[in-house]
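Residue numbers (the working numbering), protein chains in the order written: chain A, 6 to 318; chain B, 269 to 522.
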């Protein structure tokens with residue numbers, strides 16, 4: 006009985022989320038004393054053993070599949086699954102496509118978007134716009150998914166996993182990845198950012214977003230947004246943080262003109278240091294901030310940019 | 269013309285506050301039950317598909333509440349039939365039971381294209397649409413941000429991390445919708461006409477419900493510890509200097 010971790014990868018590179026899955030597996034292992042086995046499926050597998058080893062995976066099952074097909078990935082994993090194993094997936098597009106087929110094949114109740122492991126069979130997930138933390142104790146086959154930005158990545162090690170090649174399963178013939186293109190990213194994506202500067206409605210209007218972007222760029226940060234300004238079309242929906250957007254946990258989070266609705270706060274409250282800039286001293290964002298400035302962001306940000314420029318010289 | 273199915277989740281208004289009662293979440297009696305935000309994208313895309321290539325749309329809902337309004341709104345904007353299973357035990361069952369109950373119901377329609385929202389605000393499983401497709405053993409294309417439908421299949425675009433994936437699939441296929449359209453509002457005359465559209469309301473599913481995902485505790489998230497340090501003294505240059513000094517020297521994050 007092992008903890009099988011599907012290590013999400015694309016084009017030969019493990020995702021950051023895959024490394025967090027190992028963090029979650031390690032936490033489960035402290036309670037269950039089960040061994041951890043990684044599973045990687047990719048078209049390019051040349052350095053996956055080394056990458057898996059670097060996050061502490063010692064045993065890696067490796068399959069080569071030329072093009073992503075969730076049904077094929079699920080069959081591949083199912084072929085090595087044994088009763089009593091725990092399966093871990095990322096809470097991600099691919100992770101949940103693959104996990105769904107396994108859950109139905111094994112007649113399992115998948116426990117998704119887990120934020121905490123507590124005990125040998127107790128998993129905490131958050132529901133109702135993150136307003137309720139639910140403890141679930143699943144019965145039968147365990148298929149778990151790990152929320153991004155919550156579990157810590159294991160310390161980097163200089164080791165390589167032992168590899169066992171496994172056979173690829175059959176996929177759906179009527180599903181094909183036709184094309185993959187890089188997105189035009191001028192900035193670091195939210196999930197990888199150490200610093201996030203988030204714009205809320207207090208920015209005033211779409212044409213004032215560049216004021217915030219100046220701070221983003223001088224800090225090499227990512228730009229985040231509240232649902233309100235995404236809905237108003239000021240910025241790309243990909244930048245949305247909160248209940249219907251992304252969950253982030255950067256080292257520094259600077260909320261500019263963000264009131265702090267519960268739907269937003271739940272997506273960023275685990276940030277290490279939170280700075281809030283808002284003209285309304287009653288704004289709920291100050292309840293969770295570490296540092297607050299009751300001020301107009303249009304006065305604060307240009308001054309910050311000026312002083313940060315001076316610091317960099 | 270394709271048969272079109274859409275999963276329609278009905279949820280408490282997201283601004284309603286959940287009441288924790290032992291191992292159950294309860295809602296105030298006057299809470300409004302509405303179409304989940306992501307279900308609205310799914311319904312809208314189903315209607316757009318019908319407008320583009322024709323077809324017949326059936327929506328599927330599992331609920332605990334005796335409220336036809338959310339289904340009526342979807343019928344008013346172009347859904348043709350609505351199937352509702354009102355059953356508390358099923359509603360509170362696990363993802364496998366939900367997917368099986370929906371899957372067996374949907375098999376009767378035998379759809380070419382299925383739509384579901386990416387997740388619902390109440391249970392946040394991010395899984396039921398995927399699981400229905402897996403139960404039916406058909407392809408899933410999740411988190412779709414752009415969709416083109418032909419008479420035989422789809423070309424779907426989605427963003428994953430720093431890349432854009434374009435996926436091609438022939439029917440049958442499940443499309444899990446991200447924010448890919450602007451859901452329309454029903455017009456009053458259409459709401460009146462919707463009353464004449466068929467709605468199949470039943471209190472039991474074709475399959476049994478179980479719950480292998482036992483909830484043993486519910487809690488409210490803890491608030492962050494410690495008080496906020498307000499930096500309100502001095503002129504703007506002094507305040508910003510103080511903030512940057514704290515971030516750099518005390519917090520070590522700059």
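For each residue, glycine too, the CB sits at the ideal point set by N, CA and C. All values derive from a computational prediction rather than experimental measurement.
Closer than 9 Å at the beta carbon, the chain A residues around residue i
i, result
"residue 292/B", "Neighbours of residue 292/B on chain A: none; closest Cβ ~10 Å, over 9 Å."
Unbroken alpha helix (DSSP H) run spanning residue i, endpoints
i, result
"residue 270/A", "267 to 270"
"residue 432/B", "Here residue 432/B belongs to no alpha helix (DSSP H); instead the beta strand (DSSP E) covers 431 to 438."
"residue 511/B", "504 to 513"
"residue 397/B", "396 to 404"
"residue 460/B", "456 to 462"
"residue 311/B", "305 to 321"
Which listed residue (the options) has its alpha carbon closest to that of residue i
i, options, result
"residue 369/B", "399/B, 381/B, 349/B and 393/B", "399/B"
"residue 297/B", "367/B, 487/B, 335/B and 324/B", "335/B"
"residue 102/A", "362/B, 409/B, 496/B and 426/B", "409/B"
"residue 213/A", "86/A, 307/A and 21/A", "307/A"
"residue 302/B", "420/B, 507/B and 331/B", "331/B"
"residue 167/A", "32/A, 52/A and 274/A", "52/A"
"residue 450/B", "294/B, 311/B, 269/B and 289/B", "311/B"
"residue 494/B", "248/A, 217/A and 293/A", "293/A"
"residue 384/B", "397/B, 411/B, 519/B and 405/B", "397/B"
"residue 314/B", "499/B, 452/B, 515/B and 488/B", "452/B"
"residue 461/B", "283/B, 327/B, 323/B and 346/B", "346/B"
"residue 115/A", "507/B, 375/B and 364/B", "364/B"
"residue 499/B", "284/A, 8/A, 205/A and 113/A", "284/A"
"residue 157/A", "120/A, 86/A and 108/A", "120/A"
"residue 285/B", "466/B, 327/B and 488/B", "488/B"
Within chain B, partners of residue i - CB distance below 7 Å
i, result
"residue 116/A", "481"
"residue 106/A", "402"
"residue 144/A", "480 and 482"
N- and C-terminal bounds of the beta strand (DSSP E) containing residue i
i, result
"residue 485/B", "481 to 487"
"residue 427/B", "421 to 428"
"residue 61/A", "Counting along the chain, residue 61/A falls outside any beta strand (DSSP E), and DSSP gives it neither H nor E."
"residue 299/B", "No beta strand (DSSP E) contains residue 299/B, which DSSP labels as neither H nor E."
"residue 408/B", "408 to 417"
"residue 292/B", "292 to 294"
"residue 218/A", "Run containing residue 218/A: none in the beta strand (DSSP E); it sits in the alpha helix (DSSP H), 214 to 223."
"residue 75/A", "Here residue 75/A belongs to no beta strand (DSSP E); instead the alpha helix (DSSP H) covers 75 to 85."
"residue 95/A", "91 to 95"
"residue 202/A", "200 to 204"
"residue 441/B", "441 to 445"
"residue 385/B", "381 to 385"
"residue 468/B", "467 to 470"
Proximal residues of chain B, C-beta to C-beta of residue i below 8 Å
i, result
"residue 183/A", "423, 434, 435 and 436"
"residue 86/A", "Near residue 86/A there are no residues of chain B at all, since even the closest Cβ is about 15 Å away, more than 8 Å."
"residue 113/A", "364 and 480"
"residue 228/A", "Within chain B, no residue comes near residue 228/A; the closest Cβ sits about 15 Å away, beyond 8 Å."
Chain A contact residues for residue i, given Cβ-Cβ distances below 7 Å
i, result
"residue 427/B", "188 and 243"
"residue 288/B", "137"
"residue 519/B", "278"
"residue 338/B", "The contacting residues do not exist; residue 338/B stays about 18 Å from chain A at best."
"residue 447/B", "242"
"residue 296/B", "Neighbours of residue 296/B on chain A: none; closest Cβ ~13 Å, over 7 Å."
"residue 272/B", "Within 7 Å Cβ-Cβ: nothing; residue 272/B doesn't reach chain A, min ~17 Å."
Under 8 Å from the C-beta of residue i: neighbouring residues of chain A
i, result
"residue 486/B", "137, 138, 139 and 140"
"residue 360/B", "Neighbours of residue 360/B on chain A: none; closest Cβ ~12 Å, over 8 Å."
"residue 431/B", "15, 185, 186, 187 and 188"
"residue 443/B", "Ordered by position in chain A, no residue passes the 8 Å Cβ test against residue 443/B, which lies about 12 Å from the chain."
"residue 398/B", "101, 102, 104 and 105"
Partners in chain B for residue i, counting only beta-carbon separations shorter than 9 Å
i, result
"residue 260/A", "Simply none; closest approach about 12 Å."
"residue 149/A", "Correct list: empty, because the minimum Cβ distance to chain B is about 11 Å."
"residue 256/A", "519, 520 and 521"
"residue 309/A", "508, 511 and 512"
Entirely enclosed alpha helix (DSSP H) segments - the segment 326 to 376 of chain B, minimum 4 residues | 337 to 345 and 356 to 359
Quick one: which unbroken alpha helix (DSSP H) runs of 4-plus residues sit fully inside the segment 226 to 308 of chain A? Chain order, please.
-> 232 to 236, 267 to 270 and 290 to 293
Positions along the segment 290 to 307 of chain A whose CB lies within less than 8 Å of some CB in chain B = Listed by position, the residues of the segment 290 to 307 of chain A near chain B (Cβ gap below 8 Å) are 291, 292, 293, 294, 295, 296, 297, 298, 299, 300, 304 and 305.
Every unbroken beta strand (DSSP E) inside the segment 106 to 188 of chain A [3 residues or more] | 116 to 122, 128 to 132, 137 to 143, 147 to 151, 167 to 170 and 180 to 187
What runs of the beta strand (DSSP E), each 3 residues or longer, lie entirely inside the segment 22 to 51 of chain A?
-> 40 to 47
Any residues in the segment 501 to 516 of chain B with a beta carbon nearer than 7 Å to a beta carbon of chain A? Which ones, in chain order?
-> 504, 505, 507, 508, 509, 511, 512, 514 and 515
Looking at chain B, which residues of the segment 169 to 196 of chain A have a Cβ within less than 8 Å of any of its Cβ atoms?
-> 177, 179, 180, 181, 182, 183, 184, 185, 186, 187, 188, 190, 194 and 196
Which of the residues in the segment 22 to 53 of chain A, read from start to end, lie with their CB under 8 Å from any CB of chain B?
-> Listed by position along the chain: nothing, the set is empty.
Which of the residues in the segment 304 to 315 of chain B, read from start to end, lie with their CB under 7 Å from any CB of chain A?
-> 305
Short-range partners of chain B found in the segment 74 to 98 of chain A, where Cβ spacing is below 9 Å = Here the close residues are 74, 75, 76, 79, 96, 97 and 98.
At a Cβ cut of 9 Å, what residues of the segment 123 to 135 of chain A count as close to chain B, listed as they run along the chain?
-> Answer in chain order: 127, 129, 130, 131, 132, 133, 134 and 135.
Contact list for the segment 445 to 474 of chain B against chain A, Cβ threshold 7 Å = 447
Taking a cut of 8 Å between CB atoms, which residues from the segment 385 to 396 of chain B lie near chain A?
-> 389, 390, 391, 392, 393, 394 and 395
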